[in-house]
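Below is one structure, written out as structure tokens; comments come after it.
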Amino acid sequence: MSIQTAPKPASAPETAERGTALAAPQQRPRTPRQFTSKAVVHGILIVFALYTLMPLTWLLVAATKNYRDLFATNPFALGDFNLWHNLTELFAHNDGIYLRWMGNSLLYTVVGSLLSTLISVACGYAFDKYHFRGKEKLFGLVLVGVLIPATVTQLPLYLLASEAGLVNTYWAVLIPSLVNPFGVYLARVFSEGYVPGEVLEAARVDGAGELRTFASVSLPMLAPGFMTIFLFSFTSVWNNFYGALMMLNDEQLYPVNLGLYAWQKSVYQQPELYPLVIVGSLVAVLPLIVAFLCLQRFWRSGLTAGAVK
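Taken in order, the sequence shown gives residues 38 to 346; the numbers are from my numbering.
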């Protein structure tokens, strides 16, 4: 009769080592093809980064030069650091007309973008949450508006503004900026991803009207989407050069980009304007940078709306 003995239990260190060996994933050595692909991707990203940053770098360097150094030195070589002098000349030239242009741009952009974003969010919310006859056909018409370039509509807008007596006024630039078909499209996407129908039904059961539900319940939920659309609209209105060129003749009403264009046309007769155009362009870029940096967390969260269902 044979006697079978029980196997000796493994000690705790041996069990831990065996579990670690089983749990640790086997790392495959990277092949040369993987290293090559990664290097190519990084190289492409570096080229695009340089392509994007080079004009801004040149603008920052050129803003430190006077008229002579702009043409006598290397484009990316610092001058005698006349940035403060150039800024002083910029803000003092022609009784401070540049500050007036900046104020006009801020008025057109902030007021126009806020109203445009609010209208777009309300329209997108309505297209998403309400059912009415011809909704999809009307939304298709909005999408057609996305495909039409803004420059194509400037002449009809000018004729309408002329008939209404709005040419060469603030309203001629503000009113067209309120229409944003792409913002309506984005707002509908954000509404589908951020505002559950159950929450709206609960608000209606509690006795809230439609306007109260939108203002108190839906709009706070759409805050990331609101800021994303606002940034798109802010950038579009700030860079709206052709619309202002068509509508305005009085330089007191110019936005900053149209004012710099007027100076640029005069540099051959007034060479001293050349440094002012450059430093003015640098100052004109700063509001866009500040707006993006302050609202980038909303930008990132808003761009992921609808990505995960």
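By construction, the Cβ of each residue, glycine as well, lies at the ideal position given by its N, Cα and C atoms.
Along the chain, where does the alpha helix (DSSP H) containing Leu115 start, and where does it finish?
Counting from 1 along the sequence shown, the entry for residue 115 is found at position 78. Annotation: Leu115 is outside any alpha helix (DSSP H) and is labelled neither H nor E by DSSP.
Top-ranked residue by Cα proximity to Asn217, from Ser157, Gly230 and Val78
Your numbering for residue 217 matches position 180 in the sequence shown. Nearest C-alpha to Asn217: Ser157.
Exposed or buried, which one is Gly140 when buried takes at least 16 other CB atoms within 10 Å?
Within the sequence shown, residue 140 is the residue found at index 103, counting from 1. Exposed: under 16 other Cβ atoms inside 10 Å.
Considering only the beta carbon of each residue, do Pro292 and Trp138 sit closer than 9 Å?
Here residue 292 refers to the residue found at position 255 when the sequence shown is read from its first residue. Here residue 138 refers to the residue found at position 101 when the sequence shown is read from its first residue. Closer than 9 Å, so yes.
Beta-carbon within less than 8 Å of Trp95's beta-carbon, same chain only, minus the 5 sequence neighbours each way: which residues are those?
Taking the sequence shown and counting its residues from 1, one reaches residue 95 at position 58. Taken in chain order, the residues that qualify are Pro112 and Phe113.
Burial state of Asn286, where buried means 16 or more other Cβ atoms lie within 10 Å:
On the sequence shown, residue 286 is found 249 positions in, with the first residue counted as 1. It is exposed - the Cβ of Asn286 has fewer than 16 other Cβ atoms within 10 Å.
Pick from Ala209, Leu332 and Phe118 that is closest to Ala281, judged by C-alpha positions:
The residue labelled residue 281 in the question sits at position 244 within the sequence shown. Residue Ala209 is the option with its Cα nearest to Ala281.
What is the DSSP secondary structure of Phe85, reduced to helix, strand or coil?
Residue numbering aside, residue 85 sits at position 48 when the sequence shown is read from its first letter. Helix, per DSSP.
Length-filtered (4 minimum) alpha helix (DSSP H) runs lying within the segment 249-334:
260-275, 278-284 and 293-302
Applying the criterion that 16 or more other CB atoms from any shown protein chain within 10 Å of the CB defines a buried residue, is Val181 buried or exposed?
To locate residue 181, count along the sequence shown from 1; it is residue 144. Flag for Val181 reads exposed.
Do the CB positions of Phe271 and Ser74 come within less than 9 Å of each other?
Counting from 1 along the sequence shown, the entry for residue 271 is found at position 234. Counting from 1 along the sequence shown, the entry for residue 74 is found at position 37. The answer is no: Cβ separation not under 9 Å.
My understanding is that Leu268 touches Leu332, with C-beta atoms under 8 Å, so please give their C-beta distance in whole angstroms.
Within the sequence shown, residue 268 is the residue found at index 231, counting from 1. Within the sequence shown, residue 332 is the residue found at index 295, counting from 1. Their Cβ separation, rounded to whole angstroms, is 6 Å, which keeps Leu268 and Leu332 in contact under 8 Å.
State yes or no: is the C-beta of Leu325 within less than 9 Å of the C-beta of Val314?
What you label residue 325 is simply residue 288 of the sequence shown in a count that begins at 1. What you label residue 314 is simply residue 277 of the sequence shown in a count that begins at 1. No.
Just verifying my parser: in three-state terms, what is the DSSP assignment at Pro218?
Looking up residue 218 in the sequence shown gives position 181. Pro218: helix per DSSP, three-state reduction.
Run through DSSP, which three-state label would Pro46 get?
Here the question's residue 46 lines up with position 9 in the sequence shown. Unreliable placement is indicated for Pro46, whose pLDDT of 49 sits below 50; no coordinate value is reported for it.
Taking Cβ positions, are Gly220 and Ile266 nearer each other than 9 Å?
If you number the sequence shown from 1, residue 220 lands on position 183. If you number the sequence shown from 1, residue 266 lands on position 229. For Gly220 and Ile266, yes; Cβs fall inside 9 Å.
Where does Leu93 sit, in a helix, a strand or coil, going by DSSP?
If you number the sequence shown from 1, residue 93 lands on position 56. Reduced to three states, the DSSP call for Leu93 is helix.
Under three-state DSSP, which class holds Asp165?
In the sequence shown, the residue the question calls residue 165 occupies position 128. Note: Asp165 maps to helix in three-state DSSP.
Near Arg334, which residues of its chain fall below 8 Å by C-beta distance, leaving aside the five closest residues on each side in sequence?
The residue labelled residue 334 in the question sits at position 297 within the sequence shown. Excluding positions up to five away in sequence, the list is empty.
When you compare each of Val320, Tyr305 and Gln306 to Asn294 by their alpha carbons, which one comes out closest?
Numbered from 1 along the sequence shown, position 257 holds the residue referred to as residue 294. Among Val320, Tyr305 and Gln306, the Cα nearest to that of Asn294 is on Val320.
Is the beta carbon of Ala127 sitting closer than 9 Å to the one on Val316?
What you label residue 127 is simply residue 90 of the sequence shown in a count that begins at 1. What you label residue 316 is simply residue 279 of the sequence shown in a count that begins at 1. It is Leu, not Ala, that sits at residue 127 in the sequence shown. Cβ distance < 9 Å, so Leu127 and Val316 count as in contact.
Are Asn276 and Tyr145 close, meaning C-beta to C-beta below 9 Å?
Here residue 276 corresponds to residue number 239 of the sequence shown, with the count starting at 1. Here residue 145 corresponds to residue number 108 of the sequence shown, with the count starting at 1. The answer is no: Cβ separation not under 9 Å.
Under three-state DSSP, which class holds Asp106?
By one-based count along the sequence shown, residue 106 stands at place 69. Note: Asp106 maps to helix in three-state DSSP.
Looking at Leu290 and Asp207, is the spacing between their C-beta atoms short of 9 Å?
Here residue 207 is taken as the residue at index 170 of the sequence shown, counted from 1. Here residue 290 is taken as the residue at index 253 of the sequence shown, counted from 1. Here the sequence assigns Tyr to residue 207, which means Asp is not the residue at that position. Yes, they are a contact pair.
With DSSP as the reference, label Gly140 as helix, strand or coil.
Taking the first residue of the sequence shown as 1, we reach residue 140 at position 103. Helix, per DSSP.
Looking only at C-alpha atoms, which of Gln306, Phe108, Tyr305 and Met264 sits nearest to Ala328?
In the sequence shown, counting from the first residue as 1, residue 328 sits at position 291. Of Gln306, Phe108, Tyr305 and Met264, the residue nearest in Cα terms is Met264.
Cβ-Cβ distance between Thr89 and Leu120 below 9 Å
Walking along the sequence shown from the start, residue 89 turns up at place 52. Walking along the sequence shown from the start, residue 120 turns up at place 83. No.
Could you say which of Phe251, Leu115, Gly133 and Ala201 lies nearest to Tyr167 if we only look at CA atoms?
As a working mapping, residue 167 is identified with position 130 in the sequence shown. Among Phe251, Leu115, Gly133 and Ala201, the Cα nearest to that of Tyr167 belongs to Phe251.
Label Gly244 either buried or exposed according to how many other C-beta atoms from any shown protein chain fall within 10 Å of its C-beta, with 16 as the threshold for buried.
By one-based count along the sequence shown, residue 244 stands at place 207. So Gly244 counts as exposed.
I'd like the list of long-range same chain contacts for Leu115, defined as Cβ closer than 7 Å, with 5 residues on each side in sequence excluded.
Position 78 of the sequence shown, counting from 1, holds the residue named residue 115. Cβ neighbours of Leu115 beyond the five flanking positions: Val98 and Thr101.
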